[in-house]
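**Q** Structure provided below as C-alpha cells; questions to follow.
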Amino acid sequence: MSFVKIVSLSLSAILVENFIFVRFLGICPFLGVSKKTDTAVGMSLSVIFVMTVSSAATYIVNRFVLVPFDLGYMRTVAFILIIASLVQFVELFLMKSVPALFHALGIYLPLITTNCAVLGVALLNVKKELDFLGSVINGFMSGVGFAIAMIIFSSIREHLEESDHPKAFEGFPIALISASLLSLAFMGFQGLSIFN
Amino acid sequence: MTGILSAILTLGLLGLLFGLLLAVSSKIFSVERDEKADRISECLPGANCGACGFAGCSNLAAAISEGKAEVNSCRVGGTECAEKIADIMGVKAEAAAKITAYVKCRGGDRAKRKFNYDGIRDCVAASKVAGGPLECSYGCLGFGTCVSVCEYNAIRIEKGVAIVHAENCKACGKCVKACPRHIISLQKDPKDINISCSSHLKGIYLRKICDIGCLGCSLCAKACPNGAITIEDNLAQIDREKCVSCGACVKVCPRHLISDASESFSEEIKSEKEGSI
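Note that the protein sequences, when read in sequence, are chains A and B. Residue numbers for the first sequence follow my numbering, beginning at 2 and rising by one. Residue numbers for the second sequence follow my numbering, beginning at 3 and rising by one.
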C-alpha cells in the first residue's frame, strides 16, 4: 500500500466520510456523551481504540472464515458477535493489567459494545475491499474523525450552556440544531476524492 | 441445505469460541473486588453530586473502604448514612457535622428599591440591570435563582428574601455558586452565629435604604466576651475560632440581625420580649 493511498484513505475517513457528520452513524454517543469536553475526549479515545482493534479482528474473520465458507450474507451477525465479545475481552483485560487505563476508558467501553459506528467501520472495510493494513488504517482514522466531531461538538455545547437562547430550545433541541449546522460544514467535503 | 448447515456450524463455532475465550479470560483476568466498597456504595445516596470531593459515590466508597476518607464524608447522606457505613467499617461514627447553607441578608421587602424591575424573574438577570433593582448593592434580590438550583427544596423566598430551611439543606453548595450577590455561604454547624447582612455601605447611608441592615454600630463587638466580633468596612465580622456561640451579641443587636441558622436565639428573644410586655 503506497503512502499516497494511505494519506488519501486517512483524509477521506476523517473529513469526507466523517462518521458522525456525513454518515450519521454513532449519533447516540455523539449526543449523549458530548456535554463536557473531558468525557468526550475519553469516549473518543475508547472509540478510536475499539474501531482499530475491531477492524483488524473483523478483517481476519471475514477473510479466513466468512469468505471461504461463502457466508457473506451472515457478515452483519458475525461482526456484531465479534465486536461485542472483543470489547468484553478488552474490558476484562484492561481491568486486570492496566487499571489506570480501565478507569479512564472503562465506563465508555460498554457503551461502544453495540455501537453502530464501530459495526459500520467493519462493514465498510469489506465493502471497500481493503486489505489488512488498509482496514486497520481506515478503522483508526474513522475513530480520529469521530474524535474530532466529538471534541468540536462538546466544546460548542459547553458554550451553548452559557449562551442566551429561547427557553423552548434549551438542552436537546439547541444541541440538535447546532449538530445539523456543524454537519453542513462537513458536507462541504462531499464528493471530494483525494489522489485517486 | 448445505448452505444452512455450514452457516449454522460456522457461526455456532465462532460463538462457542468467543464464549470460551470470554469464560477463560474472566477467570484469568479476574480482579478481587473489595466487598466493603460495594456494600458502602449501596449505603450512599448515589446522587454523584461530588460534594465530598470525590468524583462520584463509587469513588468515595472505594476511598472509605481503603481508609482514605472518613465514614461521615457524605454530606447528603447525613448521620444515618454515616452510621450504616461505620457499621460496615467496624468503627464508631461520630455524627457528621450538619453543614448548612446560610443567606447573609434579611433585607427583602424591608430594603428600598431603586426602580421597579419588570424583567426576567432571575437574580442574575436582575443584577445586570443598573446594578440590580435594590438600592443596596449587596442585598438579596429575592428572585429565587438559589431556589431554582436547589434540588432538595431547602430554600424559599419569604418576605422577598431567600431563607434556607436547615432541616432540608444537604450543603451541596449549588446555591452558593448560583447567587450573583455571593451572600450565601456554607456554615459548619447550625449553632454557628451569623451576621445576617452583607452590606459594606456606611451606616448613615444604609439606614435610609434598608430597615434591617448592619450599621456597623459595634454594640455586638463590645458585648462579645471573647472579642470574636470586629467591625470591618462597616460590617460586623465573626471570628469562628474565637466564637463560642454564647449569644451575647444576639441580644444587643439593635437590628436583630444576628442569629444562628436554626434561629433558636431569636426565638428566645421573642419570647423574652413577649414575656416583658
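Using N, Cα and C, we set each Cβ at its ideal position, and we do this for glycine too.
1. Using the C-alpha atoms, what's the distance from B:Cys76 back to B:Ala84?
2. Quick one: grab the DSSP three-state call for B:Ile165.
3. Using only the alpha-carbon positions, how far apart do B:Asp124 and B:Cys255 sit?
4. Given B:Gly142, which residues of its chain have a CB within under 7 angstroms of its CB, disregarding the five upstream and five downstream residues?
5. With 9 angstroms as the C-beta to C-beta threshold (strictly closer), list the residues of the segment 70-85 of chain A near chain B in chain order.
6. Which same chain residues, not among the five before or five after A:Ile49, have their C-beta less than 8 angstroms away from its C-beta?
7. By the 9 angstroms beta-carbon criterion, what residues does the segment 28-45 of chain B contribute toward chain A?
8. What is the residue span of the beta strand (DSSP E) that B:Val105 lies within?
9. Going by the CB atoms, is the gap between A:Ser35 and A:Ala41 shorter than 7 angstroms?
10. Counting only Cβ-Cβ distances shorter than 8 angstroms, please list the residues of the segment 18-36 of chain A near chain B, keeping chain order.
11. Does DSSP put A:Asn63 in a helix, in a strand, or in coil?
12. Please list, in chain order, the chain A residues whose beta carbon lies closer than 7 angstroms to that of B:Ala9.
13. Going by other Cβ atoms of all chains shown within 10 Å of its Cβ, with 16 needed for buried, is A:Ala180 buried or exposed?
14. Within the 7 angstroms Cβ cut-off, does B:Leu18 reach chain A?
15. In chain A, what lies closer than 9 angstroms to B:Thr12 by C-beta?
16. Tell me the residue span of the beta strand (DSSP E) that contains B:Asn196.
17. Might you give, ordered along the chain, the residues of its own chain that have their beta carbon closer than 7 angstroms to the beta carbon of B:Val93, omitting 5 neighbours on each side?
18. Under a CB-based cut-off of 7 angstroms, is B:Phe267 close to chain A?
19. Verify the CB distance criterion: does B:Leu62 have a CB-CB separation below 7 angstroms to chain A?
20. Which chain A residues sit within Cβ distance under 7 angstroms of B:Leu24?
21. Mind checking if A:Lys6 is an interface residue toward chain B, Cβ cutoff 7 angstroms exclusive?
22. In terms of DSSP beta bridges, what is B:Arg115 paired with?
23. List the residues of chain B that A:Lys97 touches, going by C-beta distances under 7 angstroms, in chain order.
24. B:Ala180 to B:Cys148, Cα distance in whole Å?
25. Consider the Cβ of A:Leu12: report whether some Cβ of chain B lies at a distance smaller than 7 angstroms.
26. Does the segment 245-254 of chain B come close enough to the segment 215-229 of chain B to have 3 or more Cβ pairs within less than 8 angstroms?
27. Leaving aside the five residues before and after A:Met151 along the sequence, list all residues of the same chain whose C-beta is less than 7 angstroms from its C-beta, in chain order.
28. Are the segment 58-66 of chain B and the segment 115-125 of chain A touching, with three or more C-beta to C-beta distances below 8 angstroms?
29. Quick one: Cα of B:Asn61 to Cα of B:Cys54, how far?
30. Short of 6 angstroms in beta carbon distance, which residues of its chain neighbour B:Leu114, apart from the five on each side in sequence? Order them along the chain.
31. Measuring only the C-alpha atoms, how far is A:Asp71 from A:Leu26?
32. State the start and end residues of the unbroken beta strand (DSSP E) segment that holds B:Ser187.
33. Answer yes or no: does any C-beta atom of chain B fall closer than 7 angstroms to that of A:Phe103?
34. Assuming B:Pro135 contacts B:Ala128 under a Cβ cut-off of 8 angstroms, what Cβ separation, rounded to an integer in Å, is found between them?
35. Check whether the segment 153-171 of chain A touches the segment 7-18 of chain A, counting contact only when three or more Cβ pairs, one atom from each stretch, lie closer than 8 angstroms.
**A** Working from what's here:
1. Against the second sequence, residue 84 of chain B aligns to sequence position 82. Against the second sequence, residue 76 of chain B aligns to sequence position 74. Roughly 7 angstroms separates the two Cα atoms.
2. For the purposes of this step, residue 165 of chain B is identified with residue 163 of the second sequence, where counting begins at 1. Three-state DSSP puts B:Ile165 in a strand.
3. Numbered from its first residue, the second sequence carries residue 124 of chain B at position 122. Numbered from its first residue, the second sequence carries residue 255 of chain B at position 253. One C-alpha to the other measures close to 32 angstroms.
4. By 1-based counting over the second sequence, the position of residue 142 of chain B is 140. Gly is not the amino acid found at residue 142 of chain B; the sequence shown has Cys there. If the five residues before and after B:Cys142 are omitted, its C-beta is found closer than 7 angstroms to the C-beta atoms of Val105, Cys107, Gly109, Gly110, Val163, Ala164, Arg183 and Ile185, all from its own chain and listed in chain order.
5. The segment 70-85 of chain A vs chain B, Cβ under 9 angstroms: Phe70, Asp71, Leu72, Tyr74, Met75, Val78, Ala79, Leu82, Ile83 and Ala85.
6. The residue given as residue 49 of chain A occupies position 48 in the first sequence. Closer than 8 angstroms at Cβ, skipping near neighbours: Phe141, Gly144, Val145, Phe147 and Ala148.
7. Taking 9 angstroms as the upper bound on Cβ-Cβ separation, chain A lies near residues Ser28, Ile30, Phe31, Ser32 and Val33 of the segment 28-45 of chain B.
8. The residue you call residue 105 of chain B lines up with position 103 of the second sequence. Per DSSP, B:Val105 belongs to the beta strand (DSSP E) from Thr102 to Val105.
9. Position 40 of the first sequence holds residue 41 of chain A. Position 34 of the first sequence holds residue 35 of chain A. Yes, the pair counts as a contact, with Cβ atoms nearer than the cut-off.
10. Listed in sequence order: no entries.
11. Numbered from 1 along the first sequence, position 62 holds the residue referred to as residue 63 of chain A. Look at A:Asn63 here: in three-state DSSP terms it is helix.
12. Position 7 of the second sequence, counted from the start, is the residue given in the question as residue 9 of chain B. Within 7 angstroms Cβ-Cβ: Leu72 and Met75.
13. Walking along the first sequence from the start, residue 180 of chain A turns up at place 179. Counting the other CB atoms within 10 Å of its CB gives A:Ala180 a total of 16 or more, which places it among the buried residues.
14. Within the second sequence, the letter at position 16 stands for residue 18 of chain B. No - not a single Cβ of chain A is within 7 angstroms of the one on B:Leu18.
15. Along the second sequence, read from residue 1 onward, the residue named residue 12 of chain B stands at position 10. Going along chain A in sequence order, the residues near B:Thr12 (Cβ under 9 angstroms) are Val66, Leu67, Phe70, Leu72, Met75 and Ala79.
16. Your numbering for residue 196 of chain B matches position 194 in the second sequence. Ile195 to Ile197 is the extent of the beta strand (DSSP E) around B:Asn196.
17. Residue numbering aside, residue 93 of chain B sits at position 91 when the second sequence is read from its first letter. Closer than 7 angstroms at the Cβ level, and outside the excluded window around B:Val93, lie Val73.
18. The residue you call residue 267 of chain B lines up with position 265 of the second sequence. In this prediction, B:Phe267 scores a pLDDT of 49, lower than 50, which makes its location untrustworthy; the coordinate-derived value is nonetheless stated afterwards. No, B:Phe267 does not count as interfacial toward chain A.
19. For the purposes of this step, residue 62 of chain B is taken as the residue at position 60 of the second sequence. It does not; no Cβ of chain A falls within 7 angstroms.
20. Taking the second sequence and counting its residues from 1, the one referred to as residue 24 of chain B is at position 22. Per Cβ cutoff of 7 angstroms: Ser86, Gln89 and Phe90.
21. Counting from 1 along the first sequence, the entry for residue 6 of chain A is found at position 5. By this cut-off, A:Lys6 is not an interface position.
22. Translated into the one-based positions of the second sequence, residue 115 of chain B becomes position 113. In the DSSP output, where bridge partners are listed per residue, B:Arg115 has B:Leu136.
23. In the first sequence, residue 97 of chain A corresponds to position 96, counting from 1. The contacting residues are Phe31 and Val33.
24. Position 178 of the second sequence, counted from the first residue, corresponds to residue 180 of chain B. Position 146 of the second sequence, counted from the first residue, corresponds to residue 148 of chain B. Each residue's alpha carbon lies about 6 angstroms from the other.
25. The residue given as residue 12 of chain A occupies position 11 in the first sequence. Not an interface residue.
26. Enough Cβ pairs lie closer than 8 angstroms, so yes.
27. For this step, residue 151 of chain A is matched to residue 150 along the first sequence. Excluding residues within five positions, the ones whose Cβ falls inside 7 angstroms are Phe31, Ser35, Ala41, Met44 and Ser45.
28. Between the segment 58-66 of chain B and the segment 115-125 of chain A there are fewer than three inter-stretch CB-CB distances shorter than 8 angstroms, so the stretches are not counted as touching.
29. Numbered from its first residue, the second sequence carries residue 61 of chain B at position 59. Numbered from its first residue, the second sequence carries residue 54 of chain B at position 52. Looking at the two C-alpha atoms, the distance is approximately 10 angstroms.
30. Counted from its first residue, the second sequence places residue 114 of chain B at position 112. According to the sequence provided, residue 114 of chain B is Lys. The question's Leu does not apply to it. For B:Lys114, where only same-chain residues beyond five positions count, the Cβ hits under 6 angstroms are Glu137 and Ile211.
31. Your numbering for residue 71 of chain A matches position 70 in the first sequence. Your numbering for residue 26 of chain A matches position 25 in the first sequence. Each residue's alpha carbon lies about 28 angstroms from the other.
32. Counting from 1 along the second sequence, the entry for residue 187 of chain B is found at position 185. Ile186 to Gln189 is the extent of the beta strand (DSSP E) around B:Ser187.
33. Numbered from 1 along the first sequence, position 102 holds the residue referred to as residue 103 of chain A. Cβ-Cβ to chain B under 7 angstroms: no for A:Phe103.
34. Counting from one through the second sequence, the residue named residue 135 of chain B turns up at place 133. Counting from one through the second sequence, the residue named residue 128 of chain B turns up at place 126. Right, their Cβ atoms sit about 6 angstroms apart.
35. Touching, no, given that fewer than three Cβ pairs across the two stretches are closer than 8 angstroms.
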